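Trainee:
Residue numbers (our numbering), protein chains in the order written: chain G, 1 to 268; chain Z, 1001 to 1268; chain E, 2001 to 2268.
1. In the region 1077-1149 of chain Z, which residue ranges form an unbroken alpha helix (DSSP H) of at least 4 residues, counting only runs that do not cross its ends?
2. Only counting the same chain, and skipping five residues up and downstream in sequence, which positions put a Cβ closer than 7 Å to that of residue 136 of chain G?
3. So for residue 2189 of chain E, helix, strand or coil by DSSP?
4. What are the start and end residues of the beta strand (DSSP E) that includes residue 253 of chain G?
5. Taking the straight line between their C-alpha atoms, what separation do you get for residue 2146 of chain E and residue 2194 of chain E?
6. Relative to the C-alpha of residue 122 of chain G, which residue among G:148, G:169, G:101 is closest?
7. Using a Cβ-Cβ cut-off of less than 9 Å, give me the residues of the region 1137-1150 of chain Z that come near chain G, in sequence order.
8. So which residues of chain G does residue 2218 of chain E contact, with C-beta pairs closer than 7 Å?
9. Counting only C-beta atoms, is residue 188 of chain G closer than 7 Å to chain Z at any point?
10. Express the C-alpha separation of residue 81 of chain G and residue 2014 of chain E in angstroms, rounding to a whole number.
11. Taking only beta-carbon atoms, is residue 166 of chain G less than 7 Å away from chain E?
12. In the DSSP assignment, find the alpha helix (DSSP H) that holds residue 31 of chain G and state where it starts and stops.
13. From the DSSP output, in three-state form, read off residue 156 of chain G for me.
14. What residue range does the alpha helix (DSSP H) around residue 56 of chain G cover?
15. Output yes or no for whether 7 Å exceeds the beta carbon distance between residue 317 of chain G and residue 189 of chain G.
16. Within a Cβ cutoff of 7 Å, which residues of the same chain sit near residue 245 of chain G, ignoring the five residues on either side of it in sequence?
17. Can you check which of these residues, G:172, G:171, G:49, G:34, is closest to residue 107 of chain G by C-alpha distance?
18. Using the C-alpha atoms, what's the distance from residue 116 of chain G back to residue 93 of chain G?
19. List, in order along the chain, the chain G residues whose C-beta lies closer than 7 Å to that of residue 2160 of chain E?
20. Could you give the distance in angstroms between the alpha-carbon of residue 1156 of chain Z and the alpha-carbon of residue 1063 of chain Z?
21. Quick one: what's got a C-beta closer than 6 Å to residue 36 of chain G's C-beta in the same chain, skipping five residues either side?
22. Does the structure place the region 2196-2213 of chain E close enough to the region 1223-1230 of chain Z that three or more beta carbon pairs sit under 8 Å?
23. Hey, which unbroken runs of the alpha helix (DSSP H) at 4 residues or more fall wholly within the region 2211-2241 of chain E?
24. Going along the chain, which residues of its own chain have a beta-carbon closer than 7 Å to the beta-carbon of residue 65 of chain G, five neighbours each way excluded?
25. Relative to the C-alpha of residue 1212 of chain Z, which candidate in Z:1021, Z:1047, Z:1009, Z:1025 has its C-alpha closest?
26. Provide the residue span of the alpha helix (DSSP H) that contains residue 2183 of chain E, from first to last.
27. Classify residue 153 of chain G: buried if its beta carbon has 16 or more other beta carbons within 10 angstroms, exposed otherwise.
28. Do you know offhand how far residue 2134 of chain E's Cα is from residue 2175 of chain E's?
29. Using a Cβ cut-off of 7 Å (strictly closer), state whether residue 30 of chain G contacts chain E.
30. So residue 88 of chain G and residue 2242 of chain E are in contact, right, with Cβ under 8 Å, and what is the actual spacing, rounded?
31. For residue 2142 of chain E, count neighbouring Cβ atoms within 10 angstroms of its own Cβ and tell me buried if that reaches 16, exposed if not.
32. Exposed or buried, residue 302 of chain G, counting other C-beta atoms within 10 Å across all chains shown (16 or more means buried)?
33. Check each candidate in Z:1199, Z:1023, Z:1209 and name the one with the smallest Cα separation from residue 1268 of chain Z.
34. So what does DSSP say about residue 1005 of chain Z, is it helix, strand or coil?
35. Would you mind sorting residue 1158 of chain Z into buried or exposed? The rule is 16 or more other CB atoms within 10 Å of its CB.
36. Hey, would you say residue 2111 of chain E sits closer than 7 Å to residue 2149 of chain E, going by beta carbons?
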């Protein structure tokens, strides 16, 4: 049995996930991808969890795919006279499924970005609701420098920061720090050191706690639908969701708490 | 007869609208929504008006929906044993119609953003061609903190600032000031005080005056069509509009004025 | 025979194009548009060229269409009793074809932005993979001030910087400098003087050299497909492209060079 590549802890309504392959700067193996996919699948209907925090072990978030794995896999296949194409397709596509799942996770997804945030790690950062980075963190899309392509990542980078910056980053193989990542919109907050990073994370989690869990889920799904659905239809559906939210237990409690100048129960 | 919730003044080619429910920080009642919709409908074919400026009375732009109204409406319906769902749907959807109209207003829409710019007020700011804010203005999407959702607003926030920032703002219930609003692209200019704000507004109106009224209308409609129409078809149609514009009275006057190094008549 | 409006030089894997109509600040004549279209068509299958650099002669990038041409063409047609509509449509649409070609050029397209970057010149800047500007450069969409419209340019401006800023720039006829162009995302790097500009260009070209030529082409095409193709289909296709890239000569060399801690051959 293979050892898990994830450390998972729960405090109150928050799940903390640590990518734990420190010897490869937490590079994405197929095994790790599958463990994350199973975790995210289990969270799909988990209404008690309100936020998921992902970070990496040993001062790095995630260095992307393991280049050594790619080179060795290709060499082994050549020696065995087999065609490695399908296994490469499957490995790559599995990561795309993971990142799509992460993008639509019903909970608030927070990434804590330290050290290397490269390739697939960069892609994962691009689908988080909130990205918190150190100023010293190193971001980049190194693929084209290796003769390969940011295949499953490209769409999510374009969605995150627009075609203008995405094409530059990829075609120049740019490396940049956390301040630049915030300027580009990849991350939202840059901290000068670990203490400031932890304080920012605590602040973000406190803000999540102030927001009603179900209202947050519906809002996130609604925002993901923008652009993929006719605007008038989307607004019609949204009006139904609005009425339902106002009349729900959450909406009743939240508006009453506002009028009574007190915190709603989910914020206590 | 209910008193109007709007103050409307016209100077030259500009209509100035003041949202005027100061006791609620100009919160959007259904009555105010309908008054604005009637105003915008009347401007649809008004070719003499070149800009519409919206601001709020008493130092606030607009605090969004009136939460007290929502809570009281729900309580009244519960007491009467009636179902308030449809009236909530209608209230919410009416605001969506308003914001859609505002987005496509043929004139240049300018918002002057002071005090509270929350919820629906935030949404209205997001469809203005030019947003002018005080640095001290408070922006935010408070809905999820109240157990409800930014239903009609979400699509316009995503269009304005992208999914990356929109999801963060909504899921954390973020509050932020005018400088941050400019950084995010919600507003375009931040002023330090009322005098600077007024000066910026005057500068913007002077720039509008320099641009040909009909050319501005066509350009605004053209930009709204980007993404919703096949690019080649859009460029074919745009070439026809270009030729028509060059041969129009405006195009003749504008290009002649340029060659003759004088102001065109619409700028005088 | 008309003299060419372009100066074209090749150094190694880079083609340097200079727009050369200095008497009009390199305004886009139909002849220049056609020369550029022919050049870009010839580059479509040119796998030895890895970057194309476009700049303008005599300290200006490109002032857009030649307004004097428009006015004179209209006057001539009026005198001759002929209808200039179709020739205006053709002139305008030809520029749209050029900018579409430039947007999808397989090579990395770099614009060096000095002096006037107006109208059509602004549009061309908006489809470059990398824009390098002087801080003093003057950007703007002057069309509406001339009674005409940014017809072929509008879609590319919206794609570059979003509807929010695009509508403001066009409807106010804004002029702004290189620092603001970088803040808006029109250009990527602002240099204080010619030396710094040249140094930035050299740095960018060195980065292009580090990236595998074919991987760059595939990545650029992939990014252009985002939004225009179903996401799952795009990710399926991308996984196939990924496997092909890993097994290609470039992918083999690039990953081996990484493991062996040396530069791949394309970077030498």
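Every residue, glycine too, gets a C-beta built ideally from N, C-alpha and C. Just so we're clear, the structure is a prediction, and the values are computed from it rather than from any experiment.
Mentor: Concretely, from the data shown:
1. DSSP assignment within the region 1077-1149 of chain Z yields the following whole alpha helix (DSSP H) runs of 4 residues or more, N-terminal first: 1085-1103, 1120-1125.
2. Non-local C-beta neighbours of residue 136 of chain G in its own chain, meaning closer than 7 Å and more than five positions away in sequence, comprise 177, 178, ordered along the chain.
3. Strand at residue 2189 of chain E.
4. That residue, residue 253 of chain G, is in no beta strand (DSSP E); its alpha helix (DSSP H) goes 249-259.
5. The alpha-carbon atoms of residue 2146 of chain E and residue 2194 of chain E are separated by roughly 31 Å.
6. Check the Cα spacing between residue 122 of chain G and each of G:148, G:169, G:101: the tightest is with G:169.
7. Identification of residues in the region 1137-1150 of chain Z having a C-beta nearer than 9 Å to some C-beta of chain G yields 1141, 1142, 1143, 1144, 1145, 1146, 1147, 1148, 1149, 1150, given in sequence order.
8. Simply 149.
9. Yes - at least one Cβ of chain Z is within 7 Å of the one on residue 188 of chain G.
10. Those two C-alpha atoms are separated by around 39 Å.
11. Yes, contact with chain E.
12. If you look at residue 31 of chain G, you'll find it in the alpha helix (DSSP H) that goes 30-43.
13. Note: residue 156 of chain G maps to helix in three-state DSSP.
14. Taken as a continuous stretch (DSSP letters only), residue 56 of chain G belongs to no alpha helix (DSSP H), being part of the beta strand (DSSP E) at 51-56.
15. For chain G, the structure presents residues 1 to 268; residue 317 of chain G sits outside this window and is missing.
16. Closer than 7 Å at the Cβ level, and outside the excluded window around residue 245 of chain G, lie 215, 218, 251.
17. Checked all of G:172, G:171, G:49, G:34; the closest Cα to residue 107 of chain G is G:49.
18. Each residue's alpha carbon lies about 22 Å from the other.
19. Chain G residues near residue 2160 of chain E: 164.
20. Cα to Cα, residue 1156 of chain Z sits roughly 17 Å from residue 1063 of chain Z.
21. If we look at residue 36 of chain G and ignore the five residues flanking it on each side, its Cβ neighbours are 98.
22. Result no; under three Cβ-Cβ pairs closer than 8 Å.
23. Runs found: 2213-2225.
24. Non-local C-beta neighbours of residue 65 of chain G in its own chain, meaning closer than 7 Å and more than five positions away in sequence, comprise 27, 28, 119, 120, ordered along the chain.
25. For the residues Z:1021, Z:1047, Z:1009, Z:1025, the minimum Cα distance to residue 1212 of chain Z belongs to Z:1047.
26. Run containing residue 2183 of chain E: 2178-2184, per the alpha helix (DSSP H) assignment.
27. Buried.
28. Looking at the backbone, the Cα of residue 2134 of chain E and that of residue 2175 of chain E are separated by about 15 Å.
29. Not an interface residue.
30. With a Cβ gap of about 7 Å, residue 88 of chain G and residue 2242 of chain E count as contacting.
31. It counts as buried.
32. With chain G covering only 1 through 268, there is no way to say anything about residue 302 of chain G.
33. Among Z:1199, Z:1023, Z:1209, the Cα nearest to that of residue 1268 of chain Z is on Z:1209.
34. In this structure, residue 1005 of chain Z counts as coil in the three-state DSSP scheme.
35. With 16 or more Cβ atoms within 10 Å of its Cβ, residue 1158 of chain Z is classed as buried.
36. In this structure, residue 2111 of chain E lies away from residue 2149 of chain E, with their beta-carbon atoms at least 7 Å apart.
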